[in-house]
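Undergrad: I am attaching a structure below and will ask some questions about it afterwards.
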Amino acid sequence: MEYFVQQLINGLTLGSIYGLIAIGYTMVYGIIGMINFAHGDIFMVGSFIAMILIVALGITAGAGFIVLILALMLVLLMAMLFTSAWGWTVERIAYRPLRGSFRLAPLITAIGMSIVLQNFVQIVQGARVKPLPPLVSGGYTIMDGNNFDVQISNIQILILVTTVVLMGVFTYIINKTALGRSLRACEQDRKMASLVGINVDRTISLTFVLGAALAAVAGFMYLLYYGVIDFYIGFIAGVKAFTAAVLGGIGSLPGAMLGGILIGLIETFWSGYFSVEYKDVAAFFILAAVLIFMPSGLLGKPEVEKV
Amino acid sequence: MKKLLMTGVAASALVATAGIASADIVIATAGPMTGQYASFGAQMQAGAEMAVADINAAGGVLGEQLVLEVGDDACDARQAVSVANQLVGEGAVFVAGHFCSGSSIPASAVYDEEGVIQISPASTNPAFTDERPGPGIFRTCGRDDQQGEIAGQFLMDNFPDAKVAFIHDNTAYGKGLADQTMAFYEQAGGEPALYQAYTAGEQDYTALVTRLKNEGINVLYVGGYHTEAGLMKRQMADQGMDTVLVSGDALVTDEYWSITGDAGEGTLMTFSPDPRLNEEAAPVVAKFEEAGINPEGYTLYTYAAIQAWAAAVEEAGSTDFDGVVEALNAGTFQTVLGELDFDDKGDVTLPGYVMYEWTGGEYGYYEEAAAQ
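Protein chains in written order, with the working numbering: chain A, 38 to 344; chain B, 1295 to 1666.
If you want it as structure tokens, here you go:
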């Protein structure tokens, strides 16, 4: 039982990070029907920006608790800001000029942008891994087993709480604000939305900005949790998050979060009880099985092809 | 026309030097003097030059002076063969080389055919001696497959009652290392508690770590590279585990410590012994340092190869191939690596690997660290 709970915590933490990245994929797909393959690399850029800020501000674990939390909040906000600028720029130079073009064109530029971002960071930051000493340490023992204590670290609590809060904020933005209303309108029918006075280009740009901001949060937490990043982390995390978005139903926000958490849990439990080697096989097998019976994913709406 | 004339002059000059050299004994070192691995070639050249200078200063071999030729194979198999032919053409009777196993192996066929002794100071691939074309092929460095033997025996000797898990990353290097170590561990009477493969290039090993914790693993042997091993060590520390991580030579990089931080304390790994620490090497090391050279890496292995050959020639009384081979097989040689002899295959009998330990951001011999 203790072992199960510990693996559950591991899986939820990993799944939260996947989920936050997956939202970026699903939002862009929902609104313009393309897969933004550069999104995983935006996440990586966010992680690097957070690391640069932490090093530049000289934040160390030695600072007092309150100072540390405030400093990290500042880093997170700045990282979201800068990463959003990256997301906006990518959309502006690589996708918007191709908006009227045939469907595969932005897909190809997305792959191109992914390569550009990866290589840019590799050249600017070097190919070696960048380690960060642990900043947030400590944790709690929540269950006392005979020879196995279930532990949840402060950083895991931070990740889980941040994810829940962000999901709440996001649901509010989408459902209750004017921005959310224009997002939903563009998603349903872009031409009609523009006829009723919605600035479609601006709304699409904002989608990329929001997605990149969430990717920055994921990158920031990834950096704090694992402490090691390199220019290539965006690829694997991006593939997993994209899978999560498809599993949950691409285009659906709660679906992306659900898919992320499911992928995290499947990977963790498969490694925990069966073979570590085959965890990806297990995750993709379940994805395939779900798509056979529910072609639009777990929470996706079956829809007619958009024109 | 002028050019042709110059070439002619150069050619006769070459003949002239060759004529003078024939009175001495020509030996050679060959390795990557240019290209990606040029720093290793430079180590070999420095070691060889120093050895030849020292031997000549002490009266040479059989009363004759040694002349050193340097060949550049750039770690390329084809270039290695042509360099080997070139060195044979220059009359070399002994070659301390090459560096890359991929160069040493094809070159060894040339040397064997031409009756030249080859002692590689750096080629660690087992095939170099296992499949040697003739008896004149030796090496002064360890073999790749000794790592598992040393580590397997070490685990049994030092952690007899511990639960030991073996994991690898499914690469040729990692899986080979883990399998070999596990085989020797089992041979020594150990029972592995867990054997798993993991995916390299990921960041999250918490599921694996929790599993190790649940099974009460005390010692984790990782066949893989420093990034993943470092992440595992860090995540084990996060989960409050004091499991000892043991691995191979891939962990001998400062990057490992920068990933783990203090969590890396006590990590063990097998790596070639550092001959600079040998007592026998102290005067030679001092000499190198005086000349502004750090005798790191393969410098002293090259030096020792030439020492062993020179001693064997003295023993045999001539530079004749058969006599020197016999002397090399039979003799025990005092070198900067310590007392060494060669086994039936031409491998050196020195321990090719020893256990190192990470402490306080530095790595050093395990015994030394334990004694402190």
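Glycine is no exception: its CB is placed at the ideal position from the N, C-alpha and C atoms.
If we define contact as Cβ-Cβ less than 8 Å, is B/Ile1553 a contact residue for chain A?
TA: Reading the second sequence from its first residue, position 259 is the one you call residue 1553 of chain B. Interface residue, yes.
Undergrad: Tell me where the beta strand (DSSP E) around B/Glu1651 begins and ends.
TA: By 1-based counting over the second sequence, the position of residue 1651 of chain B is 357. First-last of the beta strand (DSSP E) with B/Glu1651: 1648 to 1653.
Undergrad: Look up A/Gln23 in the DSSP assignment and give the residues it is bridged to.
TA: Residue 23 of chain A is absent from the structure shown; chain A starts at 38 and stops at 344.
Undergrad: Going by the DSSP bridge assignment, what does B/Thr1564 pair with across the sheet?
TA: Taking the first residue of the second sequence as position 1, residue 1564 of chain B is located at position 270. Paired residues: B/Met1649.
Undergrad: Going by other Cβ atoms of all chains shown within 10 Å of its Cβ, with 16 needed for buried, is B/Asp1536 buried or exposed?
TA: As a working note, residue 1536 of chain B is residue 242 in the second sequence. Exposed, by the Cβ-count rule.
Undergrad: Per DSSP, B/Val1538 forms a beta bridge with which residues?
TA: For the purposes of this step, residue 1538 of chain B is taken as residue 244 along the second sequence, with counting starting at 1. BP columns for B/Val1538 point to B/Val1513.
Undergrad: Whose C-alpha, out of B/Gly1510, B/Ala1416, B/Thr1547, is nearest the C-alpha of B/Val1642?
TA: For the purposes of this step, residue 1642 of chain B is identified with residue 348 of the second sequence, where counting begins at 1. Of B/Gly1510, B/Ala1416, B/Thr1547, the residue nearest in Cα terms is B/Ala1416.
Undergrad: Is there a C-beta anywhere in chain A that falls below 8 Å from the one on B/Lys1639?
TA: On the second sequence, residue 1639 of chain B is found 345 positions in, with the first residue counted as 1. Not an interface residue.
Undergrad: Would you mind reading off the limits of the beta strand (DSSP E) that contains B/Val1458?
TA: What you label residue 1458 of chain B is simply residue 164 of the second sequence in a count that begins at 1. It spans 1458 to 1462 - the beta strand (DSSP E) in which B/Val1458 sits, taken as one unbroken run.
Undergrad: Quick one: which chain B residues come within Cβ less than 8 Å of A/Asp317?
TA: Taking the first sequence and counting its residues from 1, one reaches residue 317 of chain A at position 280. In chain order: Thr1493.
Undergrad: Looking only at C-alpha atoms, which of B/Lys1457, B/Gln1337, B/Thr1465, B/Asp1498 sits nearest to B/Tyr1479?
TA: Within the second sequence, numbered from 1, the residue matching residue 1479 of chain B stands at position 185. When only C-alpha atoms are compared, the closest one is B/Lys1457.
Undergrad: Thinking B/Thr1626 and B/Asp1635 are a contact (beta carbons under 8 Å), I'd like their distance in whole angstroms, please.
TA: Position 332 of the second sequence, counting from 1, holds the residue named residue 1626 of chain B. Position 341 of the second sequence, counting from 1, holds the residue named residue 1635 of chain B. Rounded, the Cβ-Cβ distance is 5 Å, consistent with contact.
Undergrad: Per DSSP, A/Thr379 is paired with what?
TA: Summary: the structure shown does not reach residue 379 of chain A, with chain A confined to residues 38 through 344, and so no result is reported for it.
Undergrad: Can you tell me which of the three DSSP states A/Gly52 falls into?
TA: Counted from its first residue, the first sequence places residue 52 of chain A at position 15. Looking at A/Gly52 - three-state DSSP - the assignment turns out to be helix.
Undergrad: To the nearest whole angstrom, what separates the beta carbons of B/Ala1322 and B/Val1389, a pair I think is in contact under 8 Å?
TA: Translated into the one-based positions of the second sequence, residue 1322 of chain B becomes position 28. Translated into the one-based positions of the second sequence, residue 1389 of chain B becomes position 95. Sure, about 5 Å apart at Cβ, within 8 Å.
Undergrad: Cβ of B/Leu1449 less than 8 Å from any chain A Cβ?
TA: Within the second sequence, residue 1449 of chain B is the residue found at index 155, counting from 1. For B/Leu1449, the answer is no, since every Cβ of chain A falls outside 8 Å of its Cβ.
Undergrad: Of the residues that make up the stretch 1504 to 1526 of chain B, which ones have a beta carbon closer than 8 Å to any beta carbon in chain A?
TA: Taking 8 Å as the Cβ-Cβ cut-off against chain A, the residues of the stretch 1504 to 1526 of chain B that qualify are Thr1504, Arg1505, Lys1507, Asn1508, Gly1510, Thr1521, Gly1524, Leu1525.
Undergrad: Spatial neighbours of A/Phe257 within its chain, please: C-beta separation below 6 Å, excluding the five flanking residues on both sides.
TA: Numbered from its first residue, the first sequence carries residue 257 of chain A at position 220. Within the same chain, A/Phe257 has close Cβ partners Ala87, Leu113, Ala116.
Undergrad: Am I right that A/Asn47 and B/Thr1500 are in contact with their C-beta atoms under 8 Å? What's the rounded C-beta distance?
TA: Position 10 of the first sequence, counted from the first residue, corresponds to residue 47 of chain A. Position 206 of the second sequence, counted from the first residue, corresponds to residue 1500 of chain B. Correct: roughly 4 Å between the Cβ atoms.
Undergrad: Determine the DSSP secondary structure at B/Leu1356, reduced to helix, strand or coil.
TA: The count along the second sequence starts at 1 and reaches residue 1356 of chain B at position 62. Coil.
Undergrad: Could you compute how far the alpha carbon of B/Ala1482 sits from the alpha carbon of A/Tyr310?
TA: The residue given as residue 1482 of chain B occupies position 188 in the second sequence. The residue given as residue 310 of chain A occupies position 273 in the first sequence. C-alpha separation (whole angstroms): 29 Å.
Undergrad: When the Cα atoms are used, what is the spatial distance from B/Thr1328 to B/Phe1334?
TA: Within the second sequence, the letter at position 34 stands for residue 1328 of chain B. Within the second sequence, the letter at position 40 stands for residue 1334 of chain B. When rounded, the distance between both Cα atoms is 10 Å.
Undergrad: Taking the alpha helix (DSSP H) that A/Arg218 falls in, what are its first and last residues?
TA: As a first step, residue 218 of chain A must be located in the first sequence, where it is residue number 181. 215 to 225 is the extent of the alpha helix (DSSP H) around A/Arg218.
Undergrad: CB-CB under 7 Å to B/Leu1360, same chain, minus the five flanking residues each way: which ones, in chain order?
TA: To locate residue 1360 of chain B, count along the second sequence from 1; it is residue 66. Taken in chain order, the residues that qualify are Asp1318, Ile1319, Ile1321, Val1346, Ile1349, Asn1350, Gly1354.
Undergrad: Using beta-carbon positions only, say whether A/Gly292 and A/Gly248 come within less than 8 Å of one another.
TA: What you label residue 292 of chain A is simply residue 255 of the first sequence in a count that begins at 1. What you label residue 248 of chain A is simply residue 211 of the first sequence in a count that begins at 1. In this structure, A/Gly248 does not lie closer than 8 Å to A/Gly292 by Cβ.
Undergrad: What three-state label does DSSP hand A/Gln159 in the structure shown?
TA: Taking the first residue of the first sequence as position 1, residue 159 of chain A is located at position 122. Residue state, collapsed to three classes: helix.
Undergrad: Determine the burial state of A/Gln198: buried for a count of at least 16 other Cβ atoms within 10 Å of its Cβ, exposed for fewer.
TA: Start at 1 with the first residue of the first sequence, and residue 198 of chain A comes out as number 161. Looking at the sequence shown, residue 198 of chain A is not Gln but Val. Burial call: exposed.
Undergrad: Any Cβ of chain A within less than 8 Å of the Cβ of B/Asp1536?
TA: Here residue 1536 of chain B refers to the residue found at position 242 of the second sequence. It does not; no Cβ of chain A falls within 8 Å.
Undergrad: Give the DSSP bridge partners of B/Leu1488, in chain order.
TA: Your numbering for residue 1488 of chain B matches position 194 in the second sequence. In the DSSP output, where bridge partners are listed per residue, B/Leu1488 has B/Ala1459.
Undergrad: What residues from chain B crowd round A/Gly83, counting only those whose CB sits closer than 8 Å?
TA: In the first sequence, the residue the question calls residue 83 of chain A occupies position 46. Per Cβ cutoff of 8 Å: no residues; A/Gly83 is ~15 Å from chain B at best.
Undergrad: Listed in chain order, which residues of the stretch 39 to 73 of chain A have Cβ atoms closer than 7 Å to some Cβ of chain B?
TA: Correct list: Tyr40, Gln43, Gln44, Asn47, Leu51.
Undergrad: Which residue's Cα is closest to the Cα of B/Cys1369: B/His1392, B/Pro1645, B/Glu1584?
TA: If you number the second sequence from 1, residue 1369 of chain B lands on position 75. It is B/His1392 whose Cα lies nearest to the Cα of B/Cys1369.
Undergrad: Going by CA-CA distance only, name the one from A/Phe272, A/Arg239, A/Glu304, A/Phe279 that's closest to A/Ile152.
TA: Translated into positions along the first sequence, residue 152 of chain A becomes position 115. The shortest C-alpha separation from A/Ile152 is found at A/Phe272.
Undergrad: What residue does the beta strand (DSSP E) around B/Gln1390 start on, and which one ends it?
TA: One-based indexing of the second sequence puts residue 1390 of chain B at position 96. The displayed chain sequence assigns Ala, not Gln, to residue 1390 of chain B. 1388 to 1391 is the extent of the beta strand (DSSP E) around B/Ala1390.
Undergrad: Roughly how many whole angstroms lie between the Cα atoms of B/Ile1314 and B/Gln1440?
TA: What you label residue 1314 of chain B is simply residue 20 of the second sequence in a count that begins at 1. What you label residue 1440 of chain B is simply residue 146 of the second sequence in a count that begins at 1. Residue confidence is low: B/Ile1314 scores 46 on pLDDT, short of 50, so the model does not pin down where it sits. Its coordinate-derived value is still stated next. Going by the C-alpha atoms only, they are around 44 Å apart.
Undergrad: Within its chain, find whatever has a CB closer than 7 Å to the CB of B/Leu1545; leave out the 5 residues flanking it on each side and keep chain order.
TA: For this step, residue 1545 of chain B is matched to residue 251 along the second sequence. Once the five neighbours on either side are set aside, the close Cβ partners of B/Leu1545 are His1520, Ala1523, Thr1561, Met1563.
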